[in-house]
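Residue numbers (this note's numbering): 40 to 163.
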């Protein structure tokens, strides 16, 4: 929104400068030489104003770029943190799965060790 205000302000400034020059030509009470000198002086003033406006726009653009770079850096850090958290959760889940597997393996191993190696007959 602020960019549109600056653009319209610069356009209005340049339009006003043009209208002023045209009216100056039409209603100039001075001689042609004096009018040309005044017009040259006013044109130089207009160029200075335009140069100042361009410098202001340049500074605003630099600020916008700096703000964008800061926002990108912030998003990058947030993404890195999210990835690190996800990695930690995955590693924890893998560790828990490994522990569960080991426990189940030990339990089955204990059951297997408790059984005799040969078939047992019932003596009835």
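In this text, a Cβ means the ideal position worked out from N, Cα and C, and glycines have one as well.
Secondary structure of residue 47 (DSSP, three-state): helix. Our two residues, residue 92 and residue 121, have alpha carbons roughly 43 Å apart in a direct line. A direct Cα-Cα distance of roughly 48 Å separates residue 106 from residue 138. Taken in chain order, the whole beta strand (DSSP E) runs of length 3 or more contained in the stretch 104-152 number zero.
Take the alpha-carbon of residue 152 and the one of residue 113: they are about 58 Å apart. Here residue 119 has no same chain residue with a Cβ atom under 8 Å from its own Cβ, once five neighbours each way along the sequence are excluded.
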